[in-house]
Amino acid sequence: MKPFAFSRPADVDQAVRDVAAEPNAVFLAGGTNLVDHLKLGIARPDLVVDVRTLTSGEVTDLADGGLRLGAGSTNSEVAADRRVRERYPVLASALLAGATGQLRNMATTAGNPLQRTRCVYFTDVTTPCNKREPGSGCSAVGGYTRYHAVLGVPAALPDPAAPETCIASHPSDMAVALAALDAQVQVLGPTGVRTIPFGELHRLPGDDPSRDTVLEHGELITAIDLPPAPAGSRSAYRKVRDRASYAFALVSVAAVLSLSEGVVADVRLAFGGVAHKPWRATRAEELLIGRELTEDAVRAAMAAELATAQPQPGIDGGNGFKIPLLTRTVVATLRDLTETIR
Amino acid sequence: MDAEITLRVDGVEHRLTVDTRTSLLDALRERLGNTSPKKGCDHGQCGACTVLLEGRRSLSCLALAVAYDGAEVTTADGLAPAGELHPVQQAFLDQDAFQCGYCTPGQICSAVGVLDEVERGWPSHATEDLTGDVELSHAEVAERMSGNLCRCAAYANIVPAVQQAGGVTPR
Numbered sequence: 001m002k003p004f005a006f007s008r009p010a011d012v013d014q015a016v017r018d019v020a021a022e023p024n025a026v027f028l029a030g031g032t033n034l035v036d037h038l039k040l041g042i043a044r045p046d047l048v049v050d051v052r053t054l055t056s057g058e059v060t061d062l063a064d065g066g067l068r069l070g071a072g073s074t075n076s077e078v079a080a081d082r083r084v085r086e087r088y089p090v091l092a093s094a095l096l097a098g099a100t101g102q103l104r105n106m107a108t109t110a111g112n113p114l115q116r117t118r119c120v121y122f123t124d125v126t127t128p129c130n131k132r133e134p135g136s137g138c139s140a141v142g143g144y145t146r147y148h149a150v151l152g153v154p155a156a157l158p159d160p161a162a163p164e165t166c167i168a169s170h171p172s173d174m175a176v177a178l179a180a181l182d183a184q185v186q187v188l189g190p191t192g193v194r195t196i197p198f199g200e201l202h203r204l205p206g207d208d209p210s211r212d213t214v215l216e217h218g219e220l221i222t223a224i225d226l227p228p229a230p231a232g233s234r235s236a237y238r239k240v241r242d243r244a245s246y247a248f249a250l251v252s253v254a255a256v257l258s259l260s261e262g263v264v265a266d267v268r269l270a271f272g273g274v275a276h277k278p279w280r281a282t283r284a285e286e287l288l289i290g291r292e293l294t295e296d297a298v299r300a301a302m303a304a305e306l307a308t309a310q311p312q313p314g315i316d317g318g319n320g321f322k323i324p325l326l327t328r329t330v331v332a333t334l335r336d337l338t339e340t341i342r
Numbered sequence: 001m002d003a004e005i006t007l008r009v010d011g012v013e014h015r016l017t018v019d020t021r022t023s024l025l026d027a028l029r030e031r032l033g034n035t036s037p038k039k040g041c042d043h044g045q046c047g048a049c050t051v052l053l054e055g056r057r058s059l060s061c062l063a064l065a066v067a068y069d070g071a072e073v074t075t076a077d078g079l080a081p082a083g084e085l086h087p088v089q090q091a092f093l094d095q096d097a098f099q100c101g102y103c104t105p106g107q108i109c110s111a112v113g114v115l116d117e118v119e120r121g122w123p124s125h126a127t128e129d130l131t132g133d134v135e136l137s138h139a140e141v142a143e144r145m146s147g148n149l150c151r152c153a154a155y156a157n158i159v160p161a162v163q164q165a166g167g168v169t170p171r
């Protein structure tokens with residue numbers, strides 16, 4: 001592991017100044033992803049600034065009826081919080097579907113959405129990877145693509161040598177629920193505070209796959225706010241994986257649904273395991289709102305949502321299976337939420 | 001780069017100077033001679049290094065020692081300070097819940113954490129009603145202990161051991 005200086009400043013303002021002043025500095029919170037990356041040589045900082053105990057570890061009520069998750073609250077504390085379990089079951093379920101008890105005791109609210117892809121080529125420093133080494137190429141194209149994206153990828157087979165190519169998926173379960181809940185991300189940076197709608201936090205690869213989010217160097221998430229759950233809504237998270245426990249999603253679905261006499265009054269759908277970012281299914285949502293909730297209507301909405309989905313070929317048969325699997329998982333998730341789906 | 005830290009391990013305070021790169025696991029094993037937590041994968045995947053960190057089961061391989069300056073650490077060794085076995089340790093013996101024993105200290109610390117989490121009413125992925133009571137069923141124990149791998153596959157006896165320690169008749 002490359003040597004690094006370590007500091008724990010007195011407060012978050014100093015932490016932000018310290019990271020902003022050193023181009024090769026990183027924030028450390030729970031460390032479950034970063035410390036592994038230090039060992040693997042994926043992260044090679046000169047300065048590690050520990051903010052684990054500097055941000056709030058509390059879940060607090062907001063005046064509008066929502067909840068504020070302090071950046072330093074652990075995944076296990078948030079999943080166990082009675083207000084989260086009662087009002088945001090999609091979030092509690094997503095957290096509990098991720099990682100293990102030990103990891104959830106360490107991982108934090110701000111750190112979880114910022115965890116990096118589990119693409120095996122990103123993790124293997126001996127292979128080219130545009131996310132890890134910008135411009136080096138993408139080893140995943142035509143390789144082991146079982147955990148890779150089918151949405152937000154080019155219509156044609158990507159060029160593995162091109163500097164913008166990346167077909168990695170985002171691994172977080174929590175982030176999928178936060179996308180469906182329209183969470184708001186509170187950020188402190190060198191020039192002040194700003195609020196980022198959760199759906200705008202993560203990026204598609206664009207022309208720079210090395211950047212997972214829109215956060216600038218030195219910007220620190222201080223809290224994630226949950227708006228009040230829509231009146232009369234129910235929510236659920238469903239994850240499909242290769243093992244019954246402790247595995248990343250092949251596909252996952254977060255759904256928040258409000259029905260009025262069998263008709264969809266409001267629906268929010270977000271998908272995990274299928275894109276470079278938590279995928280908010282706005283096209284499917286538009287098509288379902290105002291419609292009677294039938295399996296045919298859900299399948300038609302998903303056909304529209306997945307019109308641009310692009311299966312990635314691969315050494316294990318590729319990941320085309322995700323496209324029908326995702327539609328079936330959406331149907332099952334909405335069925336979990338209502339008896340009226342036919 | 002070095003840093004001076006204090007760790008309170010199994011009730012005893014230690015001051016030591018560590019390289020900032022030192023994991024809590026390496027500090028315990030290599031610096032303090034406490035070989036109870038084991039290095040399995042060293043990447044947070046196997047659970048052999050599980051300790052109780054400020055009372056919560058945690059992976060000592062993914063914790064930088066310098067980030068836990070002043071922390072209270074309990075290893076499986078420290079669960080039996082007076083030589084009297086902890087109920088979880090006794091249950092592992094009673095149920096024959098290990099073969100080679102390498103993963104066992106991590107399994108035991110994890111099980112102590114599981115029982116505390118169940119006591120607090122924390123749900124798991126296996127809990128059907130997120131707001132209801134938690135029963136220490138086979139499915140609950142299997143899900144909650146899924147972060148502790150056993151290459152001897154003693155799982156069939158680990159689950160009953162955790163149930164016994166939790167006051168539930170193993171089945």
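These protein sequences, in sequence, are chains A and B. Numbering-wise (the numbering used here), the first sequence opens with residue 1 and increments by one. Numbering-wise (the numbering used here), the second sequence opens with residue 1 and increments by one. Here a beta-carbon is modelled for each residue, glycine too, at the ideal position from N, C-alpha and C.
Asked                                                                                                                : Found
A:Val176 versus B:Tyr102 - alpha carbon distance                                                                     : 37 Å
Three CB pairs or more closer than 8 Å across the stretch 131-147 of chain B and the stretch 76-84 of chain B        : no
Interface flag, A:Gln102 vs chain B, CB-CB below 9 Å                                                                 : yes
Strand pairing of A:Ile196, partner residues [DSSP]                                                                  : A:Val185
A:Ala107 beta carbon less than 9 Å from that of A:Thr53                                                              : no
Range covered by the alpha helix (DSSP H) that runs through B:Gly113                                                 : 104-119
Nearest-angstrom beta carbon gap, A:Leu47 and A:Asn24 [assumed within contact, 8 Å]                                  : 7 Å
Buried versus exposed call for A:Ser260 [16 or more other C-beta atoms within 10 Å across all chains shown]          : exposed
Nearest residue (CA-CA) to A:Thr165, options A:Arg243, A:Pro190, A:Met302, A:Ser139                                  : A:Ser139
Opposing strand residues paired with A:Trp279 [DSSP bridges]                                                         : A:Phe271
A:Met1 at chain B interface by Cβ criterion, 9 Å                                                                     : yes
Opposing strand residues paired with A:Glu5 [DSSP bridges]                                                           : The sequence as given places Ala at residue 5 of chain A; Glu does not occur at that position. DSSP output for A:Ala5 lists A:Leu47 as bridge partner(s).
CB contact below 9 Å: A:Asp11 versus chain B                                                                         : no
Neighbourhood of A:Asp173 by C-beta, 8 Å cutoff - its chain only, sequence neighbours within 5 removed               : Ala94, Leu95, Ala97, Gly98, Tyr237, Lys239, Ala249, Ser252, Gly272
When B:Gly70, B:Ala153, B:Glu135 are compared against B:Thr169, the one with the closest alpha-carbon                : B:Glu135
Near-chain A residues of the stretch 132-150 of chain B - C-beta to any C-beta below 7 Å                             : Glu143, Arg144, Ser146, Gly147
Those residues which DSSP pairs with B:Thr17 across a bridge                                                         : B:Glu4
Among A:Ala156, A:Val267, A:Thr60, A:Lys277, nearest to A:Ser169 - alpha-carbon criterion                            : A:Lys277
Presumed contact (8 Å Cβ cut-off) between A:Pro190 and A:Ala307, rounded CB distance                                 : Not quite, the Cβ-Cβ distance comes to about 42 Å (not below 8 Å), so this is no contact.
Reduced DSSP secondary structure (H/G/I, E/B, other) of A:Cys138                                                     : strand
Interface residues of the stretch 35-49 of chain A facing chain B [CB-CB below 9 Å]                                  : Val35, Asp36, Leu38, Lys39, Leu40, Val48
Nonlocal neighbours in the same chain, by C-beta distance under 8 Å from A:Arg83, ignoring five residues either side : Val59, Asp61, Leu67
CB contact check: A:Met174 to chain B, cutoff 9 Å                                                                    : no
Straight-line Cα distance separating A:Ala297 from A:Asp18                                                           : 53 Å
C-beta neighbour in chain A for B:Val162, strict 9 Å                                                                 : no
Proximal residues to A:Ala183 (C-beta, below 7 Å), its chain only, five neighbours per side dropped                  : Phe198, Ile224, Asp225, Leu226
Candidates B:Pro37, B:Asn157, B:Gly166: closest to B:Leu177 by CA position                                           : Chain B is shown from 1 up to 171; residue 177 of chain B falls before or after that span and cannot be answered.
Nearest-angstrom Cα separation, counted from B:Glu117 out to B:Asn148                                                : 16 Å
CA nearest to the CA of B:Gly121, picked from A:Asp81, A:Ala71, A:Arg234                                             : A:Asp81
Separation of A:Pro209 from A:Asp159, as counted between CA atoms                                                    : 14 Å
Outcome for A:Ala63 when other beta-carbon atoms lying within 10 angstroms are tallied against a minimum of 16       : exposed
Proximity of A:Gln312 and A:Leu204 at Cβ, strictly below 9 Å                                                         : no
As assigned by DSSP and simplified to three states, the class of A:Ile221                                            : strand
Inter-residue spacing [alpha-carbon to alpha-carbon] between A:Ser365 and B:Cys61                                    : Lying outside 1 to 342, the shown extent of chain A, residue 365 of chain A is not represented and no answer is given.
Buried or exposed by the 16-neighbour rule on C-beta atoms within 10 Å, applied to A:Val214                          : exposed
Cutoff 9 Å: A:Ala254 Cβ touching any chain B Cβ                                                                      : no
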